[in-house]
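The next block holds one structure in the form of structure tokens; read it before the comments.
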Amino acid sequence: MTLPLHARFTDEMPGFYVDWQTTPVPAPATLKLNEGMCAQLGLPDLSARALIGLDLAPDAHPVALVYAGHQFGGFSPRLGDGRALLLGEINGPDGALLDVALKGSGPTPFSRGADGKAAIGPVLREYLISEAMHALGIPTTRALAAVGTGEMVMRDTGPVPGAVLVRIAASHIRVGTFQYFAARGELDKVQHLADYAIARHYPECAGNYPAFFAAVAKRQAQLVAQWMLVGFVHGVMNTDNMTISGETIDYGPCAFMEEYAPGTVFSSIDRQGRYAYANQPLILGWNLARFAETLLPLFNADESQAVEQATDMLQQVAADYQEAWLAGMREKLGLDGAEEGDQALADDFLALITGADWTICFRSLSAAIDDPSRLRVHLADDGPLEDWLMRWAARRGVDAAERMDRANPVYIPRNERVESALTAAIAGDMTEFEELLQAISAPYEARKGLERFAIQASAGFGQYRTFCGT
């Protein structure tokens, strides 16, 4: 059977893509199918060929999307889907359109000399991390399937098994999509794209472009706050990786911070720390400023008034982020309501756990209500701890333990466990991948037999580095 696809984007948005097809592969085989998502979406049993777009209905219209983007601060006027394809859309459970796209499906006109393919390791990594984010309640694109191609792809380390990721997203419209047409002076296309994005994601903003920008900005501020609350480092917050829908997208060099250090960087190519953990809220504002620039002519015909509107809305971004972050921190600390001293209480706790394991320290808080040693044992220096515990005890709610356990996960995709699972999977053994997926799919529930997924890395694991996978 074939995927039951719509072609709404291609029908309504000519000029925003090029027609393209999946590159044939010798032996497609499904490595991992997201059976729960298939059931939720009412999808039929699909072969590996159907999943990666080799068997499509005659009226299907696969395309490679065009966009631009600021990459590490430098503007690239023409990027686009260099190894991806939008196959089409399906209806979600609520009736909303969802994109079905591929990653690693072969070269396109936007590949810039690259092979357009993906390897098993990065594909399974995106599957794991995106499913972890979903289970943590963080808006994200999701993996429908990982499909092996039966061919080897060449990387710096040598030939590795190839694979294709099948990805589901609310849409693939990015800040970089707006930038592409704005940079070309095609205001009519910018407006057409804005109208399409509003109709698909923000219908309450119809005809009101400042309201549209403000809604995107608020959703993105909430998203980055959620990243920060679980220690997630995206690693490549380029404008082409900021979705208009407010979902996390592109899990190339990302990782979860274990030892709390604000300057944490995992990406091998982020040598200046531009996208370090603590910089993510700042980059949020920078990226949104680039988005606002594309919409200025739609805000107001008078450029000075448009800039003034944009400036006012951009000044609100930091406040929206801080509000979302502090609300989440109140849940993590088990606080009732909102009081003036909550920011200081949260900041002082972060100072206490600097150098300690972020996830373990927060999860230990519920046990520390009755036994402070359950937290103390994880801290290198607990000198100010007693004072903080007294302040916290006076502030927390009566049901703090239950609330904190709903906000502080037991399991995250710990880097050593991820690498071990991927190494085994590349060699053909998916057992550890499945066990890790089981743990992170219910991250707030401690379960027997999964203890190894909730402990710190071994002493010999060393400094962790991540790569884009291209």
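So for the sequence shown, the numbering used here puts the first residue at 156; every next one is plus one.
From the three backbone atoms N, C-alpha and C, an ideal C-beta is built for every residue, glycine too.
Distance between residue j and residue i (C-alpha atoms, nearest Å)
i    : j    : result
V223 : N396 : Per the sequence shown, residue 223 should be read as Ala rather than Val. Using only the alpha carbons, I get a separation of about 10 Å.
Q470 : A337 : 23 Å
P179 : M192 : 26 Å
L520 : E541 : 13 Å
E574 : G604 : 20 Å
G208 : A582 : 26 Å
S459 : D467 : 12 Å
P213 : D254 : 18 Å
P262 : L342 : 30 Å
E606 : Y357 : 42 Å
A579 : D554 : 42 Å
R620 : N455 : 45 Å
L488 : A562 : 9 Å
K373 : Q498 : 20 Å
D560 : Q611 : 19 Å
Q618 : D512 : 15 Å
D405 : A301 : 15 Å
F230 : N570 : 31 Å
A162 : R329 : 19 Å
T165 : V315 : 34 Å
G246 : F616 : Note that residue 246 corresponds to Asn in the displayed sequence, not to Gly. Rounded to whole angstroms, N246 to F616 spans 43 Å at the Cα level.
L291 : P564 : 8 Å
A376 : L481 : 12 Å
E494 : Q381 : 21 Å
G510 : Y566 : 19 Å
P598 : A287 : 8 Å
G552 : E589 : 37 Å
D537 : E600 : 28 Å
L490 : M309 : 52 Å
A501 : G390 : 25 Å
L437 : I353 : 26 Å
Residue interval of the alpha helix (DSSP H) (run including residue i)
i    : result
Y172 : No alpha helix (DSSP H) contains Y172, which is instead part of the beta strand (DSSP E) from 172-174.
Q427 : It is not in any alpha helix (DSSP H) - Q427 carries neither H nor E in the DSSP assignment.
M545 : 540-550
Q195 : 190-196
A601 : Run containing A601: none; DSSP gives neither H nor E here.
I139 : Absent from the model: residue 139. The displayed extent of the chain is 156 to 625, so no value can be given.
T221 : Residue 221 is actually Val in this sequence, not Thr. Premise fails: V221 is in no alpha helix (DSSP H) and is neither H nor E.
I508 : 497-508
E167 : 163-167
L577 : 570-581
E557 : 555-562
Y351 : 342-356
Cβ-based neighbour list, residue i, same chain, cut-off 8 Å, excluding 5 preceding and 5 following
i    : result
L220 : F171, Y172, G235, D236, A239, L241, H327, T332
L591 : L283, P568, R572, V573, A576, F608
P181 : T304, G305, E306
L451 : E458, A461, V462, A465
L378 : I293, P294, G401, E402, T403
E486 : R558, M559, R561, A562
L348 : M168, F171, I328, T332, F333, F336
V345 : F333, F336, A337, T449, L450, P452, L453
Residue range of the beta strand (DSSP E) that includes residue i
i    : result
M397 : Where M397 is concerned, there is no enclosing beta strand (DSSP E), given that its DSSP letter is neither H nor E.
M307 : 297-310
L320 : 313-324
S231 : 229-231
H225 : 224-226
A255 : Contrary to the premise, residue 255 reads as Val rather than Ala in this sequence. Start and end: 252-258.
A239 : 239-246
Contacts around residue i, its chain only, beta-carbon distance under 7 Å, and the 5 residues preceding and following it disregarded
i    : result
T157 : A205, D210, L211, A212
E167 : Y351
A256 : A239, L240, L241, L242, R322, A324, H327
S285 : T295, T296, R297, A298, Y406
A318 : L186, G259, A273, A274, I275, V278, A301, V302, G303, T304
Residue i Cβ short of 7 Å to the ligand FMN heavy atom set
i    : result
A290 : What this structure holds is no ligand at all, so the ligand FMN is not there to describe.
Proximal residues to residue i (C-beta, below 6 Å), its chain only, five neighbours per side dropped
i    : result
I515 : H533
G276 : L577, I581
Stretch pair the region 259-273 + the region 373-391: three plus CB contacts closer than 8 Å: Not touching, per the Cβ criterion.
Taking contact to mean at least 3 C-beta pairs separated by less than 8 Å, is the region 512-531 in contact with the region 540-560? Counting C-beta pairs closer than 8 Å gives three or more between the region 512-531 and the region 540-560, which meets the contact rule.
May I ask you to verify whether the region 432-446 touches the region 411-422, counting CB pairs closer than 8 Å and requiring at least 3? Of all C-beta pairs linking the region 432-446 to the region 411-422, three or more are shorter than 8 Å, placing the two stretches in contact.
Continuous alpha helix (DSSP H) assignments of at least 4 residues falling wholly in the region 417-471: Runs found: 435-454.
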